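In the order they appear, the protein sequences are chains A and B.
Heads up, the first sequence is in this note's numbering, so the first residue is 1 and it goes up one at a time.
Heads up, the second sequence is in this note's numbering, so the first residue is 1001 and it goes up one at a time.
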Amino acid sequence: MKGLLQIHDPLKPKGHAVGIDLGTTNSLVAGVIHGKPVCLEADEGGAKLLPSVVHYGRDGGVLVGQRAVAQMPQHPTDTLKSVKRFMGKSHGDAETKKLGAYKFAGGTGVVRFEVSGGQPVTPIEVSGEILRALKRRAESHFAGKVEQAVITVPAYFDDAQRQATKDAGRLAGLEVLRLLNEPTAAALAYGLDKGSQGHFAVYDLGGGTFDISILELTDGVFQVKSVGGDSALGGDDFDRALAGLVLGEKPTPAEISTALQAARAAKERLTTETKVDLLGRTVTRDEFDALIRPLIEKTGVACRRALKDAELKAGELDGVVLVGGSTRVPAVRRFVAEVFGREPLADIDPDQVVALGAAVQADLLTNAERRDEVLLLDVIPLSLGLETMGGVVEKLIPRNSTIPIGQAQVFTTFQDGQNAMDIHVVQGERELVEDCRSLARFRLTGIPALPAGIGRVEVKFSVDADGILSVSAKEQSTGIEQKITVKPTHGLTDDEIEQMLLDSIDHAEDDIQKRLLREQQIEAQRILIDAAKQLSENGDLLEPAERAELEASMRSLEALSKETTDHHRLKQAIVGLDEQSKPFVERIMNRAISRAVVGQKV
Amino acid sequence: MSHFELFGLAPSVDLDMASLEAKYRELSLANHPDRNPADRVGAASRTANINEAFKVLKHPVRRAFYLLGLKGVDLEKVSMPMEFLEGILEQREALEAAMAEKNFVKVRGLAAQIERDSAVALSAGQASLRAGDVAAATSALAKVRYFGRFLEEVEAIEEDAA
Chain A
1 MKGLLQIHDP
11 LKPKGHAVGI
21 DLGTTNSLVA
31 GVIHGKPVCL
41 EADEGGAKLL
51 PSVVHYGRDG
61 GVLVGQRAVA
71 QMPQHPTDTL
81 KSVKRFMGKS
91 HGDAETKKLG
101 AYKFAGGTGV
111 VRFEVSGGQP
121 VTPIEVSGEI
131 LRALKRRAES
141 HFAGKVEQAV
151 ITVPAYFDDA
161 QRQATKDAGR
171 LAGLEVLRLL
181 NEPTAAALAY
191 GLDKGSQGHF
201 AVYDLGGGTF
211 DISILELTDG
221 VFQVKSVGGD
231 SALGGDDFDR
241 ALAGLVLGEK
251 PTPAEISTAL
261 QAARAAKERL
271 TTETKVDLLG
281 RTVTRDEFDA
291 LIRPLIEKTG
301 VACRRALKDA
311 ELKAGELDGV
321 VLVGGSTRVP
331 AVRRFVAEVF
341 GREPLADIDP
351 DQVVALGAAV
361 QADLLTNAER
371 RDEVLLLDVI
381 PLSLGLETMG
391 GVVEKLIPRN
401 STIPIGQAQV
411 FTTFQDGQNA
421 MDIHVVQGER
431 ELVEDCRSLA
441 RFRLTGIPAL
451 PAGIGRVEVK
461 FSVDADGILS
471 VSAKEQSTGI
481 EQKITVKPTH
491 GLTDDEIEQM
501 LLDSIDHAED
511 DIQKRLLREQ
521 QIEAQRILID
531 AAKQLSENGD
541 LLEPAERAEL
551 EASMRSLEAL
561 SKETTDHHRL
571 KQAIVGLDEQ
581 SKPFVERIMN
591 RAISRAVVGQ
601 KV
Chain B
1001 MSHFELFGLA
1011 PSVDLDMASL
1021 EAKYRELSLA
1031 NHPDRNPADR
1041 VGAASRTANI
1051 NEAFKVLKHP
1061 VRRAFYLLGL
1071 KGVDLEKVSM
1081 PMEFLEGILE
1091 QREALEAAMA
1101 EKNFVKVRGL
1111 AAQIERDSAV
1121 ALSAGQASLR
1131 AGDVAAATSA
1141 LAKVRYFGRF
1151 LEEVEAIEED
1161 AA
């Protein structure tokens, strides 16, 4: 027998699976509800966009979203924004030299920010806070657990950046079902919406990253043909260019922060206005267009290369899709139309389209009934290779290879009696190791003493469906296999991640109590709304005495929900009301069924 | 199992791209880990093989090299005629000179010449493979391999310049 709790949304065993767009500027969470992807409320006041801003307070408290943004003027360096730009980056990376209000901690390895209230934090932890906030919002929405997510990444993210994103998911207590490339997510949202077939280009210019993808949709298979882009180019650069107009020689962090915020507002106004004021200086749209033209031009190179890699001409495309807030800039739209020779599509909100597509993929992966709908075949964005003699890169897996993929290559020893081999894994298109991204170094030991050229080591690369690489090596002459742990050069080790998880659990005890209470309050609200609705629509099915009893229970649940801090008690009261409603719900169901049988609309 | 067998095809220089792609979609739908949640590891390894085979078969140069490999020829061990090597060496020197001058128009011009030479050698190699002349196919395709190296270098240069 069913109660009101089961009328809609029966609780799923692993909770709801969601799609998350972890953006440079804003983040969103979406879920599939009644077969349609929908962005959920993510911040105070019901906003769908959660600013990707995290504030660390003196008392050790953490604020995320608009409440963190409010702290920015007073606490510019304790309020971290755009941390996505630093994901998978190491201390002293070029990205840390750009204009911005950050206080970097010293040392080597992964980037860390000095913040008040505790130890320096890594971009992975900051992203983990954003993901945790989104997870809680989604849990409040569903009044149930959310433990699985598809998280999107720029297609152009390298291995270290992907690994960092996956680690952030783990820190937030999420099982990352898939790291999905943002343009692919957008294409999925469009493709399924329109049921179309053919070739599409997705031009995605966000706050900090630019991606271009060419995809083909045929017979239920969505195949990425090529991707390209720049993981350090986006709307933030437009802001910086504008801020540069009003900043003096040696600006303070507070001045920089103010100028960047004002620049962003000016940029947004220039979408509809032709002349705006920026901290007392007039900026025309023509001036802005000229300022950002070189930045936009850089995206054209990537677009042409992606077309070439896909072996297509612009005229052979069936559509061009715009994604990312920065594609609202009129000069960007004009440029895209110019490069592809056609007007781009933007009918789905460019801010939401990635999260919506991620929610679709989460549903496809977890919902057995939908598994047969569409299959996504994605690619790796950058070539993977090994360092060989003379610092030259030997590519093992070329860019735009469809994943998952594996590739093995045999290397021979070059010295008599050589018993070890250093293996340096790199990612990138350039010829020399020093120009590529170093992913990992390890040493294969225990090679038996043999003359030069006889010892043979097979190195195998495997890239999984998330685009993440694992490497193994095997000495062939003896058949001895060696297990190798690849130490990430730029990321965190598993031990570090474990420690962070333990730390966050220690501090989270209070949070959990509060959250469980909040969840039960929402649940109580929902059941009360449902009960009231059923009473008004189907109240005639109850005897007056039954109705009075039910209404009394509803009133006491409402009162308890406002007073109690004990989530167990509240849950008991909810279950009690649910139990009491069962005979009523049964009558409602019977009525619905008999109406359906005679062909009436329920 | 050879790449051709995996796709249910007889080894051949000439493949119909549309049916190759259709077969690739069919194999992916049946084997992809997303469609086989109970056997993700096995499915991932089967899919990796399918992806690798497709990468080789759809590309005319890789396909021709692979066919030659099936006939027992290792292109890396083929020794080239002196005349050819001298020619390539000259082209390389010209490329280095153009690079030193940062003359990318010249770089592109050299690449275009090599692309034409490569296309000629490839179709000669393909014709020999069709005729079953392994020796002739080997000498033609060994040239394609050298040209390919050259073009990869040009690509890296253009990448650096971009």
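For every residue, glycine included, the Cβ atom is placed at its ideal position computed from N, Cα and C.
As the structure is a prediction and not an experimental result, all values here were calculated from the model.
Worksheet item: Nearest-angstrom Cα distance between B/Pro-1011 and B/Thr-1138?
Response: 17 Å
Fill in: Nearest-angstrom Cα separation, counted from B/Ala-1022 out to A/Thr-402
16 Å
Fill in: Closest residue to A/Gln-148 among A/Ala-532, A/Glu-175, A/Gly-46 (Cα-Cα distance)
A/Glu-175
Discussion item. Please identify, using Cβ separations under 8 Å, the residues of the region 375 to 407 of chain A that lie next to chain B, in order along the chain.
Written reply: Leu-375, Leu-376, Leu-377, Ser-401, Thr-402, Ile-403, Pro-404, Ile-405, Gly-406, Gln-407
Worksheet item: In this structure, what does DSSP give as the bridge partners for A/Pro-37?
Response: A/Val-32
Practice prompt. Using the Cα positions of A/Pro-350 and B/Gln-1113, report the straight-line distance between them to the nearest angstrom.
Written response: 44 Å
Fill in: Helix, strand or coil at A/Gly-248 according to DSSP, with G and I counted as helix
coil
Worksheet item: Expressed to the nearest angstrom, what Euclidean distance is found between the alpha-carbon atoms of A/Phe-584 and A/Arg-547?
Response: 9 Å
Discussion item. Against chain C, with Cβ distances strictly below 9 Å, would B/His-1032 count as a contact?
Written reply: Going by chain labels, chain C is absent from the structure shown, which instead holds the protein chains A and B.
Practice prompt. Look at A/Gly-453 and A/Thr-413 and say whether their C-beta atoms are less than 9 Å apart.
Written response: yes
Item to complete: Give, in chain order, every residue of the region 1100 to 1121 of chain B whose Cβ lies closer than 7 Å to some Cβ of chain A.
Response: none
Discussion item. Counting beta carbon pairs with one atom in the region 130 to 143 of chain A and one in the region 45 to 61 of chain A, are three or more of them shorter than 8 Å?
Written reply: yes
Worksheet item: Which bits of chain A does B/Ser-1028 rub up against, with CB to CB less than 8 Å?
Response: Val-221, Leu-375, Leu-377
Worksheet item: Going along chain B, which residues have a C-beta under 8 Å from A/Leu-450?
Response: Per Cβ cutoff of 8 Å: no residues; A/Leu-450 is ~21 Å from chain B at best.
Discussion item. Which residues of the region 456 to 485 of chain A have a Cβ closer than 9 Å to any Cβ of chain B? Give them in chain order.
Written reply: Ser-462, Val-463, Asp-464, Ala-465
Item to complete: For A/Glu-429, decide whether its Cβ has a neighbour in chain B, counting only Cβ atoms nearer than 9 Å.
Response: yes
Worksheet item: Distance, Cα to Cα, A/Leu-205 vs A/Ala-186?
Response: 12 Å
Fill in: Minimum Cβ-Cβ distance from A/Leu-621 to chain B less than 9 Å
Residue 621 of chain A lies beyond the stretch modelled for chain A, which goes from 1 to 602, so this question has no answer here.
Discussion item. Could you check whether the Cβ of A/Thr-218 sits closer than 9 Å to any Cβ belonging to chain B?
Written reply: yes
Fill in: Unbroken beta strand (DSSP E) run spanning A/Gly-406, endpoints
405 to 412
Practice prompt. Please go through the same chain and pick out, in chain order, the residues whose beta-carbon is closer than 8 Å to the beta-carbon of A/Lys-487, but skip the five residues on each side of it.
Written response: Because the pLDDT of A/Lys-487 is 49, which lies under 50, any placement of that residue in the model is unreliable, and the question is left without a value.
Worksheet item: Would you call the region 377 to 395 of chain A and the region 423 to 437 of chain A in contact, with 3 or more CB pairs under 8 Å?
Response: yes
Worksheet entry | Alpha carbon of A/Asp-286 to alpha carbon of A/Lys-533, nearest angstrom | 56 Å
Discussion item. Please list the terminal residues of the continuous beta strand (DSSP E) segment that includes A/Gly-319.
Written reply: 319 to 323
Practice prompt. Report all residues from its chain with a CB closer than 6 Å to the CB of B/Ala-1038; omit the five preceding and five following residues, and keep chain order.
Written response: none
Worksheet item: Out of A/Asp-93, A/Ala-531, A/Asp-464, which has the shortest C-alpha to C-alpha gap to B/Gly-1042?
Response: A/Asp-464
Worksheet entry | Beta-bridge pairing of A/Arg-437 - partner residues as DSSP gives them | A/Gln-427
Fill in: Within chain B, partners of A/Arg-293 - CB distance below 8 Å
Chain B residues near A/Arg-293: none, gap ~17 Å exceeds 8 Å.
Worksheet item: What's the C-alpha gap between A/Asn-181 and B/Ala-1098?
Response: 38 Å
Discussion item. Within a Cβ cutoff of 6 Å, which residues of the same chain sit near A/Ala-302, ignoring the five residues on either side of it in sequence?
Written reply: Ile-212, Gly-228, Gly-229
Worksheet item: Closer than 9 Å, CB to CB, is B/Glu-1083 near chain A or not?
Response: no
Worksheet item: Using 8 Å as the Cβ pair cut-off and three pairs as the minimum, do the region 1102 to 1113 of chain B and the region 1121 to 1132 of chain B touch?
Response: no
Discussion item. Determine whether the beta carbon atoms of A/Asp-612 and A/Arg-370 lie at a separation below 9 Å.
Written reply: The structure shown does not extend to residue 612 of chain A, since chain A is modelled only from 1 through 602, so no value can be given for it.
Worksheet item: A/Pro-51 by DSSP, collapsed to three states: which one?
Response: strand
Worksheet item: Applying a beta-carbon distance threshold of less than 9 Å, which residues of chain A neighbour B/Ala-1035?
Response: In the sequence as presented, Ala is not what sits at residue 1035 of chain B; that position holds Arg. The answer, in chain order, is Arg-371, Asp-372, Leu-375.
Fill in: Beta-carbon proximity list for A/Gln-415, same chain, < 8 Å, skipping 5 on both sides
Ala-452
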